[in-house]
Amino acid sequence: MVRGAPEQDIDESALEVGSPKRAAAGVKGVLVSLQRSWEQMGAGRTLKTLPLLNQRSGFDCPGCAWPDPREEDGDRRKLAEFCENGAKAVAEEATTRRVGPEFFARHPIAELAGKTDYWLGQQGRLTQPMVRLDGDEHYRPIGWADAFDLIAERLNGLDSPDEAVFYTSGRTSNEAAFLYQLMVRGFGTNNLPDCSNMCHESSGSALTETIGIGKGSVSLADVEQADLVLVVGQNPGTNHPRMLSSLEKVKRRGGRIIAVNPLPETGLMRFKNPQNVRGVIGGGTPLADEFAQIRIGGDLALFRAINGLVLEAGAVDREFVDAHTHGFEEFAAQAAEIDWAATEEATGLERAQIERIAGMVIASERTVACWAMGLTQQKAAVATIREVVNLLLLRGMIGKPGAGVCPVRGHSNVQGDRTMGIWEKMPKAFLDALEAEFGVPVPRRHGLDTVDSLRAMRDGRVRAFVGMGGNFVAATPDTEATEQALRDCELTVQISTKLNRSHAVAGRTALILPTLGRTEKDVQAGGEQFVTVEDSMSVVHRSRGRLEPASEHLLSEVAIVSRLARRLLGNGHPVRWEVFETDYDAVRDHIANVVPGCEDYNRRVREPDGFVLPHPPRDSRTFRTATGKANFTVNEAAPLELPEGRLLLQTLRSHDQYNTTIYGLSDRYRGIEDARRVVMVNPADVEALGFADGDVVDLVSEWGQDGTTEERRAERFRIVAYPTARDCAAAYYPEANALVPLGSVAERSNTPVSKAIVVRLERR
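Heads up: the sequence shown begins at 160 in the numbering used here, then just goes up one per residue.
1) Please state the DSSP three-state secondary structure of asparagine 752.
2) From glutamate 926 to proline 560, what does the alpha carbon distance come to, in whole angstroms?
3) DSSP state of arginine 703, grouped into three classes?
4) Within its chain, find whatever has a CB closer than 6 Å to the CB of arginine 215; leave out the 5 residues flanking it on each side and keep chain order.
5) In whole angstroms, what is the alpha-carbon distance linking glycine 438 and threonine 444?
6) Counting Cβ pairs closer than 8 Å, one from the stretch 882 to 900 and one from the stretch 836 to 844, do we hit at least three?
7) With phenylalanine 876 as the anchor, note down where its alpha helix (DSSP H) starts and where it stops.
8) Helix or strand or just coil, what does DSSP make of arginine 204?
9) Is the Cβ-Cβ distance between valine 520 and alanine 365 less than 8 Å?
10) Using DSSP with H/G/I as helix, E/B as strand and the rest coil, what is methionine 289?
11) Between the C-alpha atoms of serine 376 and valine 564, what's the straight-line distance to the nearest angstrom?
12) What three-state label does DSSP hand threonine 483 in the structure shown?
13) Just how far apart, CA to CA, sit leucine 470 and alanine 495?
14) Name, in chain order, the residues that DSSP records as bridge partners for phenylalanine 325.
15) So what does DSSP say about threonine 526, is it helix, strand or coil?
16) Between which residues of its own chain and alanine 136 is the CB-CB distance below 6 Å, once the five residues before and five after are set aside?
17) Suppose you measure from the CA of leucine 211 to the CA of glycine 245; what does that come to, to the nearest Å?
18) Is it buried or exposed for glutamate 693, if we count other Cβ within 10 angstroms and need 16 for buried?
19) Can you find the residues in the same chain that come closer than 6 Å, C-beta to C-beta, to threonine 327, ignoring five residues on each side of it along the sequence?
20) Taking all protein chains shown into account, decide if arginine 181 is buried (16 or more other Cβ within 10 angstroms of its Cβ) or exposed.
21) Reducing DSSP to helix, strand and coil, say where glutamate 803 ends up.
22) Kindly list the residues whose CB is nearer than 6 Å to the CB of leucine 271, restricted to its own chain and excluding five residues on each side of it in sequence; keep chain order.
23) Nearest CA to the CA of threonine 609: which residue from Met357, Ser903, Val690?
24) According to DSSP, which residues form a beta bridge with threonine 810?
25) Once DSSP output is grouped into helix, strand and coil, what is the label at serine 655?
26) Quick one: Cα of aspartate 321 to Cα of valine 621, how far?
27) Going by DSSP, what residue range makes up the alpha helix (DSSP H) through glutamate 411?
28) Let me make sure I understand the geometry here. Which of Thr367, Leu920, Glu596 has the alpha-carbon closest to that of phenylalanine 782?
29) From this set, Ile416, Val652, Arg525, which residue's C-alpha is nearest tryptophan 303's C-alpha?
30) Expressed to the nearest angstrom, what Euclidean distance is found between the alpha-carbon atoms of arginine 877 and leucine 772?
31) What's the C-alpha gap between alanine 633 and valine 859?
32) Between which two residues does the beta strand (DSSP E) carrying methionine 839 extend?
33) Taking the straight line between their C-alpha atoms, what separation do you get for alanine 880 and glycine 830?
34) Measuring CA to CA, which of Val690, Gln683, Ile671 is closest to arginine 677?
35) Touching or not, the stretch 394 to 402 and the stretch 536 to 553, by the rule of three or more beta carbon pairs under 8 Å?
36) Go ahead and pull the three-state DSSP assignment for proline 673.
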């Protein structure tokens, strides 16, 4: 039996729970973000940073990847082009709190491992390189040159380059990501797991197969011009708050919105936009015209039924289907028959509501389908997303204004990382171009993704871990297995801005390398530099910080990679690493020659709004698939079996967190205060299971494979009676990550199944 990591005791008097709040954002959100900013970085730094956030002359938000308005679309940026959580993200990075050598001298690593994720994050910015040698109980300072020498010595001492993995977070810039993958491949491995493996890998798998490219096909203008927007398995109010402004524009134009989610999320119900009078003094804008409170895992059955109803109504765009698609007849033969009893059981929805939703889809001339991890982290995630694509293909909604696919990415540059080559199985054409550009051989054997990297560390096949950004331990599943895998490594290296749980889970030799953040000036020998990022809609643009660095000892990510590469690969290596560190334009010149769509990079990225990467389905209805057309697919909706007395649990974020960074202990939109170890359960299920609101329980997950059942336990969660779908529950990650086995992954994408975890509640 596996237990979750220890956390603080619950203050049972501190939890106040109400129904979901009626409106998202508004004045309260502005005040909260300003208060957090002043607490973390003071009034002066607040006034210096927030006006530059997401502005053309400023820096990209270190939070989500929702795009900025573009002049060519007739859309101007607001004076305050940020949301509440974006302001919190900046405050966390630009904080005046510091974590220096004296901090590590006071706190042994074992003590840090017992602290909560929130406590660790609140300590502040890292200021100097630190090292823990085998047998040490504390980190201690190390100079940069000695740090690079130590890392290079340990990596070059491995029996094979494949005994190391090189992880990347989606906050890494394009320039750093490109150099990082070049260094790793120059070292001799494709072991490049990244955070996308755990979020939108399912989207990439499904979209590449069906339309030939793993990215969304819409622009911000398309979303705002749509007649109908489907928001499926996504909570914009917490995870992508600026999206609510776009949905508000849809509503003001007369468009309609369908929300599909197991929880009634506040932002999808009513939005109070703090940037206009209605949002400040009015009741806000009602958003969702239809809320489908779906049972966890029922999305595939829902879209199969909708597709059957579209076929039944004869609402197929035959001109598009005949000219641009393949496999329609096989798809239609399966989709034409709807098993309504099975559909209602799987979805938890009534037939009348599904027919009403299908009617809205049929009536729409321009439909955009948006989704996030509510879909991508299911067992049948790839099949579900393919079924969403089937719907859009039926209606001819790819490659036309106001319509298309919109996987909404989380990390601010996770899409750019993949474009720059951060993937364990980049296509041959990219590797050929990389080899030709630099004159160095690169490995062709596919590497390890995140889950396979963890398995390899666990089994002793990987002995070294290097992470550029992120919080690997908190982001990954099976917490105890993950922590043990890292502790068993001979070497772990974390390139970070702030203290997090991954620093408290150290390999036998462990290094922390502190780096500049997005908000800070990046001055090199060649002058002040800027970096670039790619948003969720394929727009590449600049980002330039304005604050003085948190410490004189910090290096930029580009400098860290360049210096490490020189030591790791040797001074005689043909790549000009010393030039890249001083002049980021030189990096971008090489990107232009290697990465498709990035030609003339340095000139185009200096345009006021940057440039848009090509997307053949969107641009010309060209589909670079195996068939040369967009592919319909046949997807089987296997029912989820739920034993008696069990619930289907999904992990999610609180409103006071972004990805693994926890800003506070409040979930204002859900009415939960000062608590994170909570499990949200439908009141009828609470009663049926013999519990009461407020009871403290252990969560025990049950996962079966090859005739055996594994159990994992996360202790001391307080029950919150909440209007989830029946038989369904929700808990925050990373606290609930302990319940997700390494073996439980989505078919085809290998993404951890953090949605539809079978759990039972055990009374304390």
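Each residue gets a CB set at the ideal place from its N, CA and C atoms; glycine is no exception.
Put simply:
1) helix
2) Residue 926 lies beyond the stretch modelled for the chain, which goes from 160 to 923, so this question has no answer here.
3) coil
4) Pro767
5) At glycine 438, the pLDDT of 49 sits below 50, so the modelled position is not reliable and the matter cannot be decided from this model.
6) yes
7) That residue, phenylalanine 876, is in no alpha helix (DSSP H); its beta strand (DSSP E) goes 867 to 880.
8) helix
9) no
10) strand
11) 5 Å
12) Here the sequence assigns histidine to residue 483, which means threonine is not the residue at that position. In the structure shown, histidine 483 sits in a helix (DSSP, three-state: H, G or I).
13) 7 Å
14) Val625
15) strand
16) With the chain covering 160 to 923 only, the question about residue 136 has no answer from this structure.
17) 12 Å
18) buried
19) Asp353, Asp576, Ile581, Met627
20) Because the pLDDT at arginine 181 is just 47, under 50, the model does not fix this residue reliably, and the value given afterwards should be weighed accordingly. By the neighbour-count rule (16 or more Cβ atoms within 10 Å), arginine 181 is not buried but exposed.
21) coil
22) Ala663
23) Met357
24) Ala890
25) strand
26) 7 Å
27) In the sequence as presented, glutamate is not what sits at residue 411; that position holds arginine. Element bounds for arginine 411: 402 to 411.
28) Thr367
29) Val652
30) 47 Å
31) 19 Å
32) 837 to 840
33) 11 Å
34) Val690
35) no
36) strand
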